[in-house]
Amino acid sequence: DSSVALIAFTDADHAGCQDTHRSTSGSLQFLGDRLINWSSKRQKSAAISSTKAEYIALSGCCTQILWMRSQLTEYGLGFNKIPMYYDNTSVIALCCNHVQYSRLKHIDIRYHFIKEQVENGVIELYFVNTEYQLADLFTKALGRDRIEFLINKLGMRSFTSETLKQLTDEVDE
91 DSSVALIAFT DADHAGCQDT HRSTSGSLQF LGDRLINWSS KRQKSAAISS
141 TKAEYIALSG CCTQILWMRS QLTEYGLGFN KIPMYYDNTS VIALCCNHVQ
191 YSRLKHIDIR YHFIKEQVEN GVIELYFVNT EYQLADLFTK ALGRDRIEFL
241 INKLGMRSFT SETLKQLTDE VDE
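Numbers 91 to 263, taken from our numbering, label the letters of the sequence shown in order.
Structure representation (structure tokens):
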């Protein structure tokens with residue numbers, strides 16, 4: 091039943107902060123078609139590769155979605171494989187492939203639980219084209235057209251000064 095599907099999108103920039111060269115992780119979680127949580131966090135340390143920055147973002151989102159699953163299970167909702175959407179096929183392959191483990195040696199062990207969650211069938215990783223990567227909104231500065239596109243995809247709307255005035259006029263009546 092798609093009305094109770096738990097779905098996530100996550101992304102990261104690499105060394106986006108000009109001062110610290112730390113990356114920013116962004117994620118969104120949906121229950122059905124409703125956005126129920128979002129996050130934009132600067133990572134704790136500078137990532138030596140874009141793969142590490144992306145892997146950290148994916149692990150952080152996985153932690154959040156698993157916590158949400160445990161909370162929603164308490165309300166009687168059940169979830170099979172939770173889909174997580176990502177725009178980096180290399181990172182998805184690393185999470186699903188045992189052979190390439192040596193490429194991840196520089197990444198702290200605490201982030202590797204994402205591989206276990208994939209192997210155990212708790213989550214399933216899907217590729218999403220960068221154009222439709224909703225988490226982009228939370229990782230980098232974007233142009234107005236891109237922001238409007240993503241806001242629309244999230245089911246939100248951008249308030250113009252005219253719209254805000256109309257809302258305040260309605261309150262005054």
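A virtual CB, placed ideally from N, CA and C, is assigned to each residue, including glycine. Quick caveat: nothing in here was measured; it's all calculated off a predicted structure.
In the displayed model, residue 112 falls within coil according to three-state DSSP, outside both helix and strand. Rounded to whole angstroms, the separation of the alpha carbons of residue 109 and residue 167 is 44 Å. Taking C-alpha positions only, residue 250 is separated from residue 225 by approximately 23 Å.
Here the alpha carbons of residue 184 and residue 209 stand approximately 12 Å from one another. Contact between residue 147 and residue 95 does not hold, since the beta-carbon distance rounds to 21 Å and is not under 8 Å. Put simply, the stretch 136 to 144 does not touch the stretch 212 to 223. Fewer than three CB pairs are less than 8 Å apart.
For residue 141, the enclosing alpha helix (DSSP H) has its first and last residue at 140 to 164. As a beta-bridge residue in DSSP terms, residue 119 pairs with 98, 127. Following the DSSP letters along the chain, one finds residue 214 inside the beta strand (DSSP E) bounded by residues 213 to 217. Here the C-alpha atom of residue 105 lies approximately 13 Å from the C-alpha atom of residue 131. As computed with DSSP, residue 174 is found in a beta bridge with 98, 215. Residue 186 and residue 177 have their C-alpha atoms roughly 15 Å apart. When the alpha-carbon of residue 126 is set against those of 237, 97, 142, the nearest one is in 97.
In the displayed model, residue 132 falls within a strand according to three-state DSSP. Taking C-beta atoms as the reference points, residue 111 and residue 149 fail to come closer than 9 Å.
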